[in-house]
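The structure appears below as structure tokens.
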Amino acid sequence: MTTEPIRVEGDFPVYFRYTVGVAGEKFFREIMENGRLMASRCSSCNLNYLPPRIYCERCMSRLEEYVPVENEGTVEAFTITHQDAEGNPLQEPVGVALVRFPGAYGGLVHRTIDVLAIGDRVRAVFKDKKERTGSILDIKFFEKIS
Amino acid sequence: MQGSKTEASLLRSVAIVGVGITELKSSTPQVSYKELIFEAAQKAYEDAGLNPRKDIESFVCSSEDFLEGTSIFDEYVPDQLGAVLKPVCTISADGMYSLAAAYMQILTGLFDVVAVEAHSKASDIVNLSTVYDMALDPVYTRPLGLNASFVAGLEMSKFLHSRGAGTNHCRMVVAKNRKNALSNSLAMYGGIVEAKGESQNPVLSYPLTEYDVAPVADGAAVVVLASEDAAEHLRDDPVWVKGLGWASDSPTLETRDWLDATYVRLASKQAYQSAKLRNPAKDIQIAEIDDTYSYKELQHLEALGLIGDAKAHTLLEQGAFERDGVLPVNPSGGSIGMGHTLEMSGLVRVVELVLQLRGEADRHQIKGVETGIAQCWRGIPTTSGAVVILSNR
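Protein chains in written order, with the working numbering: chain A, 484 to 629; chain B, 15 to 407.
In structure tokens, the structure reads:
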């Protein structure tokens, strides 16, 4: 008889289909069709939310106006991550940047292909139009503008 | 609205009359989470001199289903806690939030004695990284397939860059807390580690290394709160809850404050107001705060407003946060030295502060402390935290 403590194996297999919502539809369809970033505008607070949402977190107004945002921005924070989502070591570490865009409140977090520094200028690179599916992965990565 | 707000202190005073905590361990294969909670509960009720089946009127617990591996986990707490056939509820947040809820239950006059529970069975979780991955936004962030530690890596790089601090300061935090933990019999990860020199530790998300992360531990804690009348009847050294606060910053990665721990700034302001502390920096003599990541201790310290406009890393260099410094910070060892106990982490800070204020913090006792602060953060990817001010006067 083993004296190892008894442990019962188990898991938590639950699957989802996440609804992206009104503002998410606007954001992802604009990328799919026009390769363009779109923010929602709160005129009372003078904020353009990126990614867009249908409410302003400051004044709780409903937002119905959308404004395009140029796809070149500035690195606000940068890291190089060495593990995958499950915690396994990555063969090739991945650069990740939080990027701010002119005139937009918020920004985007995505992979980078360059080692970047705070303040660097980058551009969002989109997949080819036929490969876009309505996902944040329709943006391939940020690349440095030299 | 402002005008109708009643000062909490005018309603009733509330004290902590009992604490119970298990030793924190990297793994507890011999006992179940229920048995851990039972041990902490027994200790707390004995400490308070109470019969839980007779004297405790309500129970508030903290848990998060994904950390338990059981959905609707709140149904699994009453029996080991003495809460069967009594009011009990669960809050999906750090244990300090449950303490706040219990405090308010007593303030209303509905109950006189309420118990708070939080625990960690981290060693039962085979792939904890996945829990944090599942906490990322499923539309805008999770599809990137990144380890959730990237959130801390981004914030750490931004924080160090803006403050002119280095990873050496982060290593000093780790060295301090692990050394402090050597004198704490509850702590798992006490040790003497080299603060200087380039880190040889595996990088998680640059500049964050494994060394900067509080390693997880198992354990359970129970805290018993009582109204003024009940408290004075129960013991002659109750520890008073002077003030409480909690707050959340803008939650999304894109719109949150990446420089300051705004949630702590707001929560501590609320706590200082309710405690009527005019000069918190002078009144507060000890701090038990969140150090889930080394840099977080520095960021949280600045947000607590206890060091004026000074930069935390500069004071750290001067030894200000050592046990014999002007403001001892995490004399217990913090989560880095004791072990990170998931939703229990904030309640561990509270228990440690209570022991200090009762003069019972054995070899890590700070002499003569009367008022202290405890603070929690719910971890990545959240911008939520709470603050509690306790005093033995």
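We put the CB at the ideal spot given by N, CA and C, even for glycine. This one's a predicted model, so the numbers in the text were calculated from it and none came from an experiment.
- In the structure shown, Cys542/A adopts coil according to DSSP, grouped into three states.
- Annotation: Asp93/B to Leu142/B spans about 27 Å, alpha carbon to alpha carbon.
- For the segment 140-161 of chain B, the beta-carbon criterion of a distance under 7 Å to any beta-carbon of chain A is satisfied by Asn141, Ser143, Thr144, Asp147, Pro152, Val153, Tyr154, Thr155, Pro157, Leu158, Gly159, Leu160, Asn161.
- A direct Cα-Cα distance of roughly 13 Å separates Gly205/B from Ser349/B.
- Residue nearest to Lys68/B within the set Ile380/B, Thr266/B, Tyr111/B, Asp126/B is Asp126/B (criterion: CA-CA distance).
- Cβ-Cβ separation between Glu626/A and Gly590/A: approximately 16 Å, too far for a contact (criterion under 8 Å).
- Judged by pairs of C-beta atoms under 8 Å, the segment 272-287 of chain B does not touch the segment 582-602 of chain A, as fewer than three such pairs exist.
- Separation of the CB atoms of Pro294/B and Leu320/B is rounded to 6 Å, and the pair is thereby assigned contact status at 8 Å.
- Using a Cβ distance threshold of 7 Å, Ser219/B and Ser163/B count as a contacting pair.
- Listed along chain B are Pro152, each with a C-beta nearer than 8 Å to that of Phe499/A.
- Taken atom to atom, the span from the alpha-carbon of Asp226/B to that of Leu239/B is near 34 Å.
- Listed in chain order, the non-local C-beta contacts of Arg337/B below 8 Å within the same chain comprise Asn194, Pro345, His378, Ile380, local neighbours out to five positions each way being set aside.
- If you look at Tyr220/B, you'll find it in the beta strand (DSSP E) that goes 217-220.
- Every candidate beta strand (DSSP E) stretch fails here, since none sits fully inside the segment 316-386 of chain B while reaching 3 residues.
- In this structure, DSSP gives Lys283/B a helical state, which the three-state scheme calls helix.
- With contacts defined as CB atoms closer than 7 Å, Ala201/B and Gly351/B qualify as a contacting pair.
- In the DSSP annotation of this structure, the continuous segment of the alpha helix (DSSP H) that includes Phe80/B starts and ends at 79-82.
- Secondary structure remark: continuous alpha helix (DSSP H) runs of at least 4 residues inside the segment 28-76 of chain B, in chain order: 47-62, 66-69.
- Excluding five sequence positions before and after Gly257/B, the CB atoms of its chain that fall closer than 6 Å to its own CB belong to Ala285, Ser288, Ala289, Ile403, given in chain order.
- Look at Asp621/A here: in three-state DSSP terms it is helix.
- Nearest neighbour of Asn198/B by Cα position, chosen from Ala388/B, Asp376/B, Val401/B, Ala400/B, turns out to be Asp376/B.
- Residues of chain A with a Cβ closer than 7 Å to the Cβ of Phe164/B are, in chain order, Thr562, Thr564, Val579.
- In the DSSP assignment, Phe561/A falls within the beta strand (DSSP E) that extends over 555-566.
- Look at Phe499/A here: in three-state DSSP terms it is coil, with no helix or strand label.
- Not a single C-beta of chain A is nearer than 7 Å to the C-beta of Trp254/B.
- Glu384/B and Ile300/B have their alpha carbons spaced roughly 9 Å apart.
- Annotated as distal: Pro534/A and Tyr307/B, with beta-carbon spacing of 7 Å or more.
- Put simply, the CB of Tyr220/B is near chain A, with a gap under 7 Å to one of its CB atoms.
- In this model, Glu246/B and Leu50/B are separated by some 29 Å (Cα to Cα).
- Contact fails between the segment 165-173 of chain B and the segment 102-117 of chain B, because fewer than three Cβ pairs, one in each stretch, are under 8 Å apart.
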